[in-house]
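Trainee: So the protein lines, in turn, are chains A and B.
Just so we're aligned, residue 1075 is where the first sequence starts under the working numbering, counting upward by one.
Just so we're aligned, residue 1075 is where the second sequence starts under the working numbering, counting upward by one.
C-beta atoms are modelled at their ideal positions from N, C-alpha and C, and glycine is treated no differently.
Number of protein chains: 2
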Amino acid sequence: MNGRGLDAIDRLVDLLSKLPGIGKKSAGRLAYHLLDADPGYSRMLAGELASLHSVIRRCSRCGSYTESDPCAICSDPGRDASIICVVERPQDIRVIEESREFRGRFHVLGGLIAPLDGVGPDNLTIGQLLSRIRGEGVKEAILALNPTVEGDTTALYIGKLLKDTDVEVTRLASGLPVGGDLEYTDRLTLSRSFRGRVKV
Amino acid sequence: MNGRGLDAIDRLVDLLSKLPGIGKKSAGRLAYHLLDADPGYSRMLAGELASLHSVIRRCSRCGSYTESDPCAICSDPGRDASIICVVERPQDIRVIEESREFRGRFHVLGGLIAPLDGVGPDNLTIGQLLSRIRGEGVKEAILALNPTVEGDTTALYIGKLLKDTDVEVTRLASGLPVGGDLEYTDRLTLSRSFRGRVKV
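#1: Glu1162 (chain B) touches chain A at which residues, Cβ-Cβ below 8 Å?
#2: Could one say the Cβ of Gln1165 (chain A) lies closer than 8 Å to chain B's Cβ atoms, at least one of them?
#3: Which residues does DSSP list as the beta-bridge partners of Phe1268 (chain B)?
#4: Any beta-carbon of chain A closer than 8 Å to the one on Ala1215 (chain B)?
#5: The beta strand (DSSP E) spanning Ala1155 (chain A) covers which residue range?
#6: When the cut-off is 8 Å and only beta carbons count, does His1107 (chain B) lie next to chain A?
#7: Taking the straight line between their C-alpha atoms, what separation do you get for Gly1185 (chain A) and Leu1198 (chain A)?
#8: Suppose you measure from the CA of Gln1165 (chain A) to the CA of His1107 (chain A); what does that come to, to the nearest Å?
#9: Quick one: which residues of the region 1171-1192 of chain B get their C-beta closer than 7 Å to a C-beta of chain A? List them in chain order.
#10: According to DSSP, simplified to helix, strand and coil, what is Gly1121 (chain B)?
#11: Could you give the uninterrupted runs of the beta strand (DSSP E) lying entirely in the region 1240-1265 of chain B, keeping only those of 3 residues or more?
#12: Measure from the C-beta of Arg1135 (chain A) to each C-beta in chain B and report whether the shortest distance is under 8 Å.
#13: Can you list the alpha helix (DSSP H) stretches of 4 or more residues lying completely in the region 1130-1190 of chain B, in chain order?
#14: Any C-beta of chain D within less than 9 Å: which residues of the region 1116-1140 of chain A qualify?
#15: The alpha helix (DSSP H) that contains Ile1232 (chain B), what's its start and end?
#16: Are Ser1116 (chain A) and Leu1090 (chain B) close, meaning C-beta to C-beta below 8 Å?
#17: Taking only beta-carbon atoms, is Asp1240 (chain B) less than 8 Å away from chain A?
#18: Quick check on Pro1094 (chain B): does DSSP put it in helix, strand or coil?
#19: Grouping DSSP H, G and I as helix and E and B as strand, with all else coil, what is Leu1198 (chain A)?
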């Protein structure tokens, strides 16, 4: 920017602005914050980033990110092996774990069926899911997929594959978010909340 | 989070959430983005962060961040040494340079006078500014400080110090932002834009 003098800052700003949700301006603010802050912080962050991909791998069973394989959830005998929660991405597991609502195991699909993006069933870990369901004595598969066209398609596809088995296939309820406002709810969500209405 | 398995991710999320404007949720999104992305990117970012504070230092003349001391601007013979632009922080220089409006030199105060935060004139580089003004034959000092109470106080203070010299002390115009809307302009800005009105 200002001649030779700012090369390292420029490089840092360029790299930071490649992160999702961080534009050129935010990247600049972050870079100067790092310069103003304790050098120890930058070094710690550098250390975590440098070792990230060597420390974290995919769990060979569920496909989540983990330091040890199988991951803590797959190897926890306290988790209910008869119920499996199917998610799109590893970060979905984090959200569900935070809710403390689910005590079974997980399976990461690695995406959703999206023909327009060239993602078919073979690009996902649906085969592994089926063999886990057979091998681990799973009785219920909860499809915790986003309520989108891709999520719906993928749920339908997996539901069909398991139709003639005795595995119960369920999906997360779709409807009004807690604390939400009826007035600002879109038509599709409202329609789903009607169809999924529950007894009081 | 999910037992032992996610320790490295948790550490990264914790560190990232300490950055300004990045909450726990954004930090999580960034961490998983980094895991999903090319490991080379994380390694490059780690490299820049690890060397940041050893590569970048303060310019002994103007106080800006630089790789070489004095910085590229201070050592550029093409810049007008008779006019100095006084800014609060190094990042302000970046913004002003991008506007290509100014061809003189800079001076970083390192803050603004803020008695409530315990920042007095002695905590700023005002002494160095005065000796530079004397030593470098400065004829005009443009105070490019934020139009805030702290900026106003600091500008008044520096103005007083230079009152009996033949250095002209100016301040950036305050008024309506270009593309702004009169209707949504606050009272103080409007009042300043009236007092600072210019001939058409």
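Mentor: According to the structure data:
#1: Chain A residues near Glu1162 (chain B): none, gap ~12 Å exceeds 8 Å.
#2: yes
#3: Answer is none; Phe1268 (chain B) lacks a bridge partner.
#4: no
#5: Asp1154 to Val1161
#6: yes
#7: For the pair Gly1185 (chain A) and Leu1198 (chain A), the Cα-to-Cα distance works out to about 6 Å.
#8: 28 Å
#9: Glu1171
#10: helix
#11: Qualifying beta strand (DSSP E) stretches, in chain order: 1242-1245.
#12: Residue-level contact check: Arg1135 (chain A) does not touch chain B, since none of the beta carbons of chain B fall below 8 Å from its beta carbon.
#13: Counting whole runs of 4 or more residues, the region 1130-1190 of chain B contains the alpha helix (DSSP H) stretches 1164-1173.
#14: The chain inventory of the structure shown lacks chain D, comprising the protein chains A and B.
#15: Val1223 to Leu1235
#16: no
#17: no
#18: coil
#19: coil
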